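Participant:
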Amino acid sequence: MHERHPTERGLLMLLDHDSYGRDRPHRVNGYCPDLFASDLPATFEILGEAKTGPDLERPRSHAQIAAFLDHLSLQACGWFYLCVPPLSVGRGRQLLKRLRTPSRALVNVEVITLG
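First residue of the sequence shown: 135, per the numbering used here; consecutive thereafter.
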């Protein structure tokens, strides 16, 4: 994240992981993203979500991603990263394309993989 979004004053980054204790991302439209990041003072906001291949097919995942995109569409500059296994990149791109309605068109989206 730091390399993709360099800032002068630093990047606030919170992860939904047990090792972070209570310092986790806030709920966004009822869902907790795996990643929340913002510069300070805030000029952009980033949400990230990791999904397995089967997770991409679940209606709950679709609703969750749509909720994140809705939130980011209200920000001055919003970014959404979907992290999936290498064999699911195409499906992840299809899903984001389908979920990017006109009201969500200004949100920057990217499918990434850690494989």
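Heads up, the beta-carbon is just placed ideally off N, CA and C, and yes, glycines get one too. This structure is a prediction, so every number in the text was calculated from the model and none was measured.
Taking all protein chains shown into account, decide if Y198 is buried (16 or more other Cβ within 10 angstroms of its Cβ) or exposed.
Facilitator: Locating residue 198 in the sequence shown gives position 64, where the first residue counts as 1. This sequence places Gln at residue 198; Tyr is not what is there. Q198 should be labelled buried.
Participant: Please give the ranges of any alpha helix (DSSP H) in the stretch 153-195, keeping only runs that are unbroken, at least 4 residues long and fully inside the region.
Facilitator: None, since the stretch 153-195 contains no complete alpha helix (DSSP H) of that length.
Participant: Is I246 buried or exposed, if buried means 16 or more other CB atoms sit within 10 Å of its CB?
Facilitator: On the sequence shown, position 112 is the one that residue 246 refers to. Its Cβ having fewer than 16 others within 10 Å, I246 is exposed.
Participant: Check whether the stretch 171-181 touches the stretch 189-196, counting contact only when three or more Cβ pairs, one atom from each stretch, lie closer than 8 Å.
Facilitator: Cβ pair count under 8 Å is below three, so no.
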